[in-house]
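All remarks here apply to the structure that follows.
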Amino acid sequence: MPFVSRSFPVEEGSSSGKLAQGLRLLIITDPRCVNEPLHPNRFDSWGTVYGYFIIRSLQQHGAYVEIESIDEAVIDTFPRIGNDAPFDHAIFIVNRVSDLYPPELFVNVRKKLRPGGKLFSLDDHDKNIVHEDMRFCATITSPNSDVDKKKQVFWGADSDIFYSDKDEDTLRILLDTWHFEERKWDRTREILQSAIDNVELFDLEKIGKKNIEIIAWGSTGPEIFSCDDDIERLVRIPARIRFDDMVDLLSSTDIFMVTHSESMGLTILEAAVSGCLVAIPTPLEGDREIGHFIKRDLASTIPHFEYSMNEGKVDPPWNEMLEHIDSKAIRKDSIDLDWSSVARRMIGEFGRGSGPSAGSADERIEYSFDDRSRMVATKNLISESNPSPESISNFIMNWYNNPNFDSDTKATFFNMLEKSLDSKLDPDSWFRNRCLQQYSIISGLPVEVIVTIERLGGDLDKPDRRLNLISKILSDFDTKGAVLDVGEGDRRKILLENLEILSENDFLHFMLDPEGDANRSLGRILEEIYLQDFEILEAIITRIPHQMDPWKIMIRGHWNLGNHQLAISIANEALKHHPEDSWIQEIANRGV
1 MPFVSRSFPV EEGSSSGKLA QGLRLLIITD PRCVNEPLHP NRFDSWGTVY GYFIIRSLQQ
61 HGAYVEIESI DEAVIDTFPR IGNDAPFDHA IFIVNRVSDL YPPELFVNVR KKLRPGGKLF
121 SLDDHDKNIV HEDMRFCATI TSPNSDVDKK KQVFWGADSD IFYSDKDEDT LRILLDTWHF
181 EERKWDRTRE ILQSAIDNVE LFDLEKIGKK NIEIIAWGST GPEIFSCDDD IERLVRIPAR
241 IRFDDMVDLL SSTDIFMVTH SESMGLTILE AAVSGCLVAI PTPLEGDREI GHFIKRDLAS
301 TIPHFEYSMN EGKVDPPWNE MLEHIDSKAI RKDSIDLDWS SVARRMIGEF GRGSGPSAGS
361 ADERIEYSFD DRSRMVATKN LISESNPSPE SISNFIMNWY NNPNFDSDTK ATFFNMLEKS
421 LDSKLDPDSW FRNRCLQQYS IISGLPVEVI VTIERLGGDL DKPDRRLNLI SKILSDFDTK
481 GAVLDVGEGD RRKILLENLE ILSENDFLHF MLDPEGDANR SLGRILEEIY LQDFEILEAI
541 ITRIPHQMDP WKIMIRGHWN LGNHQLAISI ANEALKHHPE DSWIQEIANR GV
């Protein structure tokens with residue numbers, strides 16, 4: 001059977017650049033794309049893979065996007081999107097959206113569009129196009145129906161993620177998973193049996209290999225199968241493995257064996273971009289008892305090896321396959337079929353956008369730590385080919401206190417942060433400084449003041465939810481931890497320079513008496529510690545005049561020292577701010 005060169009898709013006049021500049025697009029996604037950190041290490045479905053790469057590619061083509069969960073759109077709540085301007089179009093990145101969701105969904109989303117805006121969907125295939133205006137699909141199954149309501153965009157793989165790293169000595173054959181019980185749709189067990197039966201017959205010398213590994217799927221994931229007894233370890237629908245583990249597995253594989261029917265089979269493109277020879281069993285012409293495992297139009301997008309199968313024993317021609325192993329050539333012939341090309345085919349159907357007011361890809365994050373703030377941090381991060389440390393830290397900060405941001409995910413993003421920084425910088429310290437800066441921006445407190453409060457043992461938790469969440473992060477990254485001595489002169493200087501903002505943030509009591517009872521009133525602290533500290537008292541009544549107790553303590557302090565005229569003068573000034581207080585009135589009206 002033949003080695004089949006790639007024949008589709010044929011690009012017609014494709015161009016690079018900001019093809020989507022000026023477009024405002026609303027992306028309706030699988031809830032996991034917005035309720036959990038969206039990153040390849042979290043991929044667990046078609047929706048998360050497509051959500052990540054399509055959103056990323058549309059932004060890189062210049063579109064302004066906002067993202068909302070399909071569950072929110074169904075009930076007409078859109079907590080993540082802004083209300084300042086309508087969108088040009090909406091795209092449902094949800095498989096079978098017309099089959100699975102009610103008409104109300106499409107009515108709700110259409111209300112978010114400008115007049116003439118369209119509803120698009122992204123799907124495996126072109127079946128049941130009902131509520132959307134146009135379907136973008138990977139494969140065409142009904143070429144003569146809804147011709148004007150669909151466009152084939154094929155699929156994509158990221159060559160910056162998928163790579164080729166083959167072992168010089170070992171031939172690795174990777175089987176796809178056992179998925180179906182019916183032989184019409186799944187021949188995994190038989191193909192594995194054939195590989196084991198023929199292992200001694202492989203002519204490894206002609207490809208310069210010394211060893212062979214046959215990898216299939218057991219209860220723990222991919223495992224090496226060497227003999228007949230091992231076949232009992234094969235499991236149906238095995239547990240998923242991490243996306244990056246799958247990337248590494250494909251990178252080291254020489255031959256990827258398609259073993260069951262796929263609705264789309266994106267893995268074969270990822271395998272080809274990883275330099276694997278993809279082997280696809282095909283039924284004989286007219287044989288209706290055996291199904292096509294990979295749709296013909298999708299198989300044509302990559303160079304691959306085909307061999308026949310029928311109702312009888314499936315018998316892959318293993319040694320013939322070896323002649324066509326050429327990882328560099330296969331990767332080179334597949335690498336242009338990326339997500340940018342998928343987005344480019346989509347953009348051709350959008351028309352012109354609403355203009356320069358569409359929005360900015362590096363939209364400012366308000367650090368409200370709500371659904372919208374996390375969405376903006378997500379789309380900003382994934383829009384960058386080489387994420388900046390600022391975008392990574394913004395993402396971490398927004399997701400840090402979310403229950404879906406587990407320790408494994410934290411480790412992934414801090415590893416990203418470390419790689420994005422100068423090698424001399426410590427990522428934890430750099431991130432902590434970013435958090436301090438955001439606490440400073442929200443509260444108005446200088447970073448120096450915040451650090452001093454920390455070092456004195458102050459509690460940065462505040463009723464303001466934003467400050468409370470940042471304070472929790474800061475406490476996790478406080479490497480010193482213990483309360484440190486702060487010089488009296490330094491504390492006093494910071495106190496005098498920041499009286500107003502300390503008062504506004506309810507830190508004045510603490511800075512006046514760091515070791516005292518936090519529940520004591522300002523008046524009691526001043527009377528016990530600062531009764532004759534007229535520099536502090538003068539600063540407080542001058543810059544925080546609405547506080548009554550400091551006035552009274554200042555007046556009483558001067559009166560007790562015999563400075564009666566000065567006390568009366570201060571009382572008259574106090575009346576301007578507290579005219580109803582009888583005690584201040586009485587002092588102000590005294591004669592000397």
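In terms of the numbering used here, the sequence shown is residues 1 to 592. Just so you know, even glycine gets a beta-carbon here, dropped at the ideal spot from N, CA and C. Nothing here was measured: the structure is a model prediction, and the numbers come from that model.
Close beta carbons around residue i, own chain, < 6 Å, minus the five adjacent residues each side
i      : result
His577 : Pro545
Leu628 : For the chain, the structure presents residues 1 to 592; residue 628 sits outside this window and is missing.
Ile501 : Gly444 and Leu445
Thr139 : His125, Lys295, Asp297 and Leu298
Ser503 : Ile544
Simplified DSSP assignment, three categories, for residue i
i      : result
Tyr163 : coil
Leu174 : strand
Trp217 : strand
Arg110 : helix
Tyr307 : strand
Ser360 : Low confidence applies here, because Ser360 scores a pLDDT of 48, under 50, leaving its location unreliable; read the following figure in that light. In the structure shown, Ser360 sits in coil (DSSP, three-state: anything other than H, G, I, E or B).
Ser327 : helix
Ile81  : coil
Lys552 : helix
Ile494 : helix
Gly13  : Confidence at Gly13 is low in this model, with a pLDDT of 48, below 50, so the placement of that residue should be treated as unreliable; the coordinate-derived value is given next. Coil, per DSSP.
Asp228 : helix
Lys410 : helix
Asp123 : strand
Gly595 : Summary: the structure shown does not reach residue 595, with the chain confined to residues 1 through 592, and so no result is reported for it.
Val4   : strand
Asn211 : strand
Arg434 : helix
For residue i, the first and last residue of its enclosing beta strand (DSSP E)
i      : result
Val65  : Tyr64 to Ser69
Pro222 : Gly221 to Ile224
Ala90  : Phe87 to Ile93
Gln21  : That residue, Gln21, is in no beta strand (DSSP E); it is neither H nor E in DSSP.
Lys379 : Per DSSP, Lys379 belongs to no beta strand (DSSP E); it is in the alpha helix (DSSP H), Asp371 to Ile382.
Endpoints, the alpha helix (DSSP H) within which residue i is located
i      : result
Gln565 : His564 to Leu575
Thr139 : Element bounds for Thr139: n/a, residue is neither H nor E.
Val539 : Here residue 539 is Ala; the residue named in the question, Val, does not match the sequence. Looking at the DSSP string, the run of the alpha helix (DSSP H) that includes Ala539 is Phe534 to Arg543.
Asp197 : Thr188 to Asp197
Leu26  : First-last for Leu26: Arg24 to Thr29, but that is the beta strand (DSSP E), not the alpha helix (DSSP H).
Gln59  : Trp46 to Gln60
Lys150 : No alpha helix (DSSP H) holds Lys150; the beta strand (DSSP E) holding it covers Lys150 to Gln152.
Trp318 : Trp318 to Leu322
Ser368 : It is not in any alpha helix (DSSP H) - Ser368 carries neither H nor E in the DSSP assignment.
Arg32  : Arg32 to Asn35
Asp99  : Val97 to Leu100
Gln585 : Ser582 to Ala588
Ile129 : Here Ile129 belongs to no alpha helix (DSSP H), and DSSP marks it neither H nor E.
Contact set for residue i: own chain, Cβ-Cβ below 8 Å, skip 5 residues either direction
i      : result
Ser300 : Val4, Arg6, Ser7 and Phe8
Arg110 : Ala90, Gly117 and Leu119
Glu454 : Leu460, Leu474 and Asp478
Val199 : Ile212, Ile214 and Ser226
Trp430 : Pro389, Ser393, Leu417 and Leu421
Tyr50  : Ile93 and Leu122
Neighbourhood of residue i by C-beta, 7 Å cutoff - its chain only, sequence neighbours within 5 removed
i      : result
Lys127 : Thr141 and Ser142
Leu169 : Per the sequence shown, the amino acid found at residue 169 is Asp instead of Leu. Here the set comprises Lys209, Lys210 and Asn211.
Asp167 : Ser252
Val247 : Ile161 and Phe162
Ser383 : Arg56, Gln59, Gln60 and Ala361
Arg242 : Asn41
Ser440 : Pro446, Val447 and Ile450
Gln547 : Leu522 and Ile540
Leu19  : His61, Gly62, Arg344 and Ile347
**Q.** Three or more C-beta pairs below 8 Å linking the segment 43 to 58 and the segment 88 to 100
**A.** yes
Q | Any alpha helix (DSSP H) of 4 or more consecutive residues that is wholly inside the segment 440 to 492 | A | 447 to 455 and 465 to 476
Q: Please determine if the segment 196 to 212 and the segment 288 to 308 are in contact, where contact requires at least 3 C-beta pairs separated by less than 8 Å.
A: no
Q.
Restricting to runs no shorter than 3 residues, where is the beta strand (DSSP E) found entirely within the segment 244 to 304?
A. 255 to 257 and 277 to 283
Q. So does the segment 251 to 259 actually touch the segment 178 to 198, counting three or more Cβ pairs closer than 8 Å?
A. yes
Q: Check whether the segment 144 to 155 touches the segment 229 to 247, taking contact to mean three or more Cβ pairs, one atom from each stretch, closer than 8 Å.
A: no
Q. Does the segment 326 to 339 touch the segment 28 to 44, meaning 3 or more C-beta pairs lie closer than 8 Å?
A. no
**Q.** Segment contact, 8 Å Cβ cut-off, at least three pairs: the segment 304 to 317 with the segment 275 to 285
**A.** yes
Q) Any contact of the segment 576 to 591 with the segment 552 to 560, i.e. 3+ C-beta pairs under 8 Å? A) yes
**Q.** Stretch-stretch touch, CB-based, cutoff 8 Å, three pairs: the segment 95 to 104 with the segment 398 to 417
**A.** no
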